[in-house]
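>
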Amino acid sequence: SSVKLLLVSLLSSEARNFGSMLVALGYIYPLQDHKRLVIKPDASLYRFQTPYFWPTQQWPVEDTDYAIYLAKRNIRKKGILELHEQEHYNRLHKWMNHKWDFIVMQAKEQYRAAKERKKPDRVVFECQERAYWVVHRPPPGTVSAMDYGLDRRIDPNTVEVTGESLCDLFKYNSCQSCLPSNPWLTDDATYWTLNMPNVEIPTKMRVERWTFSFGELLSDPRGRNDFRLFLKKEFSGENLAFWESCEDLKWGTAATMREKAEQIYKTFLARGAPRWINIDGKTMEVTVKGLKHPHRYVLDAAQTHIYMLMKKDSYGRYMKSPVFKETTKKAICPEEHKFSDNQLEQNARNRRPSLSPIILRQMEEEQKAKMAANVDITQLCRFTTPVPHLAVYSGISDFPSATASPSLPFLAHTPACPSPISVALDSTSASERRVEASEGEGEGNPAARGPVGGNVSRSRMALSLRRLLKRGCTPSTMFASLSPKCHSAAGTSSRIQPISPNQPSQAPPRRIANFFQIKVDIPPECRIYPIESEDEEEENRAASRGGVGAKEIICPWESLTPQNGTG
Amino acid sequence: IPGPLCYSLLLLVVACYRHLASCVGGCTDSLQLRDELRQTREKAQKLAMAICQHLTLHLRDKSLPEEQRKEMELLWVAFSSSLELLHLDMCKVFNMSDIFSLANTDALVQTGLQGSEVAARALSLPDLNQTQSPTLPAGLESQERSTLEQEIGQIDHMIDDMEMKVNVLRWMVEPHGPQYADPLSSTDSASLAVFSVDEEQPGHQPLCQRNKFCAVLFLFAVVLVAGFISVSMVLFSGVCF
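Line by line, the protein sequences give chains A and B. Using our numbering, the letters of the first sequence map in sequence onto residues 1 to 567. Using our numbering, the letters of the second sequence map in sequence onto residues 568 to 808.
Spelled out as structure tokens, the structure:
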């Protein structure tokens, strides 16, 4: 008979190795399950490959031949091409387009020539050709013996690792304790699904990793989410947000850098910023100075400071927090898979390509945008308002209100220094303004990229809506969600007062290009809490107040421009 | 003049050659196979030579109209690809016949083939002024080898020559045909333009036209026979029942 049966004894591992090598390189091929080039210790049949298709002489494996082969397969049965073959075919059609007539016609001729043969011979030839292409154009996810040619080592445990296939490294070195099972070995992708970046319920091993160090927690997206949740409950989410925006700046495109730096400054660093972060004076000075000429690493000092702050302070508390305890409790520990050989074959057959990285990136972006929209801030600190007897200005001389009463440092929208954190100038109450700022902030988070104009109109609309709702809404309900832990430890310091009605529509004063320093007397142990106790009184006084003066946050790097009253 | 039909003949021959080549070293390897290989490649070479001359001549002609030039270039690219394929196969056969000598039939690999007449299709084509030679005697295997070596060199030379003499920008060529091979399309060479017959070389023209004529005749004969059989069957069945 023309079919030779190749039996491999289980006990003889040497024979098995040799057999595996033969089949992986294409000297023999399996008759069933042709896609997996392995020797199975059962009664499955193998056949010798014809010398024309041997890899010995290392003849070049031409793409032209592959294209002809795929075209032939398609003639035999339309639509039979697998996904990766289809992709190859399309790619070749693009790159070898000039030869395509030849390829199609040659495929037809080869098909017809094959028909001349007797049926059994035709089948044998088809099997031979198919086996050849499984060796030289392996399906994705397969370990190919052709990766390093005939010099490839089978045993990855040998000392030299230079010639190793990456897949082998994965198989034998890492993922030893993969639960439920190592996908490289069993073709079952559950392990990857359970450990996706933003999975709802993490695995126990993953959660345990977070306890190793703060860096581990931050680098795992799921861990970071958890941490963010915890910080949100503690109302110190701005630290993490700042850290993340610094990362964004560092890793972002050069074109967006200036804009991002501006954004970060306005959101986190500036006097009276909605999400002001608590860094020491020296670092602030260095940072603000550097922001004059922003570059990728300009916020490094501040970022490190915040990182250390989180590590020493928040991380410890996070470990003891109910959020973390909850997560740990919910974490799953999957059972180990025990696949039979048939099931392994089934898995191999059902292999599918994973999501395209383009789609994954889109999903990430959507996630980021969603998170940006849900930012919860009302963290204006009373300590950031310019206290006349403490604050040190330089260069800003034209504020008529400066002597009268401390003006509320608000971020106004100007053409010169546009900010999505824009507030309409005709607000009527401090609390409204603050809420307004937070709403604007929600859109103006460094991660968001909405057009400035749109944000202005949106904030204006929101403002009018607020005014409508104001009648039925008491400040206590508005701020009910705020942390009750606010202690007015230094209650004697200035309170935020609405701008006096003297300058409703005054043109914004001329600014001088300087960066200003602010020395505010903040007790080191003070945490930034939203101001609750004073709100109600201000709310009551709201109706009598007039418009807001155009006080703007001046970016240190902006040059002076004469303003015309539009805010 | 070699028209598109001649080119598709070349493709046919090249495809047959490949099928034959895949049997070398296997259990169906034999003197006959080697002989068929030889004949097939000789046929291929003759066709190739003719097409090459024709194409080179026309493409070097500066006064060729633009559209015809485009078609010629298309054919050029297709032709050079088939030539490369043939060259590759010939090299493989040369290599393998070194390893698998017919003197030692035990060393032949049991590939599971039974042997069939692949070459019949290629060899049944009308010869280009050449008589069929008898089966090669066993002792002339080495001669065969050197002949093959020579012929490989010739093809190589032809390919080089083509590149030297005519400058065709391959990436500018746009194919006419579909992306997927359609087995049902009867017009093989529909994607290659039909050339106008050159009056200068009448010798080749009747060859291809004769081919068409033979095919039509054959078809007619088949239809006649089929009709006859069906009629007789009807009559017989009429007689039986």
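Note that beta-carbon positions come from the ideal geometry of N, C-alpha and C, so glycine has one too.
Could I get the ranges of all uninterrupted beta strand (DSSP E) runs contained in the stretch 217–274 of chain A, with 3 residues as the minimum, in chain order?
Counting whole runs of 3 or more residues, the stretch 217–274 of chain A contains no beta strand (DSSP E) stretch at all.
> Would you mind telling me which residues of chain A sit closer than 8 Å to residue 617 of chain B, beta carbon to beta carbon, in chain order?
In chain order: nothing, as chain A lies at least about 18 Å away.
> Looking at residue 603 of chain B: is its Cβ nearer than 7 Å to the Cβ of residue 686 of chain B?
yes
> Excluding five sequence neighbours on each side, which residues of the same chain lie with their C-beta closer than 6 Å to the C-beta of residue 218 of chain A?
Once the five neighbours on either side are set aside, the close Cβ partners of residue 218 of chain A are 224.
> Can you find a CB in chain B that lies within less than 7 Å of the CB of residue 104 of chain A?
Proximity of residue 104 of chain A to chain B, defined by a Cβ-Cβ separation below 7 Å, is satisfied.
> Would you list the residues sitting across from residue 307 of chain A in a DSSP beta bridge?
Residue 307 of chain A pairs with nothing; no bridge assigned.
> Secondary structure at residue 193 of chain A, three-state DSSP: helix, strand or coil?
Judged by DSSP in its simplified three-state form, residue 193 of chain A adopts helix.
> In whole angstroms, what separates the C-alpha of residue 406 of chain A from that of residue 276 of chain A?
Note that residue 406 of chain A scores a pLDDT of 39, beneath 50, so its modelled location is shaky; the value from the coordinates is reported in the next line. Roughly 19 Å between the two C-alpha positions.
> According to DSSP, is residue 39 of chain A helix, strand or coil?
Collapsing the DSSP output to three states places residue 39 of chain A in coil.
> For residue 264 of chain A and residue 245 of chain A, I'd like the C-alpha separation in whole angstroms.
7 Å
> Below 7 Å between beta carbons: does that hold for residue 92 of chain A and residue 67 of chain A?
yes
> For residue 123 of chain A, count neighbouring C-beta atoms within 10 Å of its own C-beta (all shown protein chains included) and say buried if the count is 16 or more, exposed if not.
exposed
> Taking residue 48 of chain A as the query, report the chain B residues whose CB atoms sit under 7 Å from its CB, ordered along the chain.
676, 677, 678
> Give a yes or no on whether 7 Å exceeds the smallest Cβ distance from residue 781 of chain B to chain A.
no
> Report buried or exposed for residue 606 of chain B, applying the criterion of at least 16 other Cβ atoms within 10 angstroms of its Cβ.
buried
> How about residue 676 of chain B and residue 48 of chain A: do their beta carbons lie closer than 7 Å?
Yes, these two residues count as a Cβ contact at 7 Å.
> What whole-angstrom Cβ distance do residue 44 of chain A and residue 30 of chain A have, given they're in contact under 8 Å?
6 Å
> To the nearest whole angstrom, what separates the beta carbons of residue 591 of chain B and residue 140 of chain A, a pair I think is in contact under 8 Å?
Wrong, their Cβ atoms sit about 33 Å apart, outside the cutoff.
> Rounded to a whole number of angstroms, what is the C-alpha to C-alpha distance between residue 106 of chain A and residue 202 of chain A?
54 Å
> So that I know if they touch, is there some Cβ in chain A lying closer than 7 Å to that of residue 611 of chain B?
In terms of beta-carbon proximity, residue 611 of chain B stays away from the interface with chain A, with every pair separated by 7 Å or more.
> Anything in chain B within Cβ reach of residue 93 of chain A, meaning under 7 Å, just list it in chain order.
746
> Mark residue 811 of chain B as exposed unless 16 or more other C-beta atoms lie within 10 angstroms of its C-beta, in which case mark it buried.
The structure shown does not extend to residue 811 of chain B, since chain B is modelled only from 568 through 808, so no value can be given for it.
> Got a sec, what are the start and stop residues for the alpha helix (DSSP H) residue 29 of chain A sits in?
The continuous stretches of alpha helix (DSSP H) do not include residue 29 of chain A, which lies in the beta strand (DSSP E) extending over residues 28–30.
> Looking at the C-beta of residue 573 of chain B, does it have a partner C-beta in chain A at a distance below 7 Å?
no
> Give me the DSSP bridge partner(s) of residue 47 of chain A.
A/29
> How many Å lie between residue 576 of chain B and residue 801 of chain B at the Cα?
Straight-line Cα distance between these residues: approximately 40 Å.
> Strictly by DSSP, which residues pair up with residue 332 of chain A?
A/203
> Let me see if you follow: with CB-CB separation under 7 Å, is residue 734 of chain B close to chain A or not?
With 7 Å as the cut-off, residue 734 of chain B does not count as an interface residue toward chain A.
> Quick one, are the C-beta atoms of residue 582 of chain B and residue 113 of chain A less than 7 Å apart?
Yes; because the gap between Cβ atoms is below 7 Å, this pair is in contact.
> Using the beta-carbon count (16 or more within 10 Å), is residue 23 of chain A buried or exposed?
buried
> Do residue 578 of chain B and residue 630 of chain B have their C-beta atoms closer together than 7 Å?
no
> Between residue 599 of chain A and the rest of its own chain, which residues show a CB-CB distance below 7 Å, the 5 nearest in sequence each way excluded?
In the structure as shown, chain A begins at 1 and stops at 567. Residue 599 of chain A is therefore absent and cannot be evaluated.
> Kindly list, in the order they appear in chain B, the residues whose Cβ is closer than 7 Å to that of residue 74 of chain A.
747, 748
> Which residues mark the beginning and the end of the alpha helix (DSSP H) in which residue 653 of chain B is found?
633–666
> Within the same chain, show all residues whose beta-carbon is closer than 7 Å to that of residue 307 of chain A, passing over the 5 residues directly before and after it, in chain order.
243
> In terms of DSSP beta bridges, what is residue 676 of chain B paired with?
B/593
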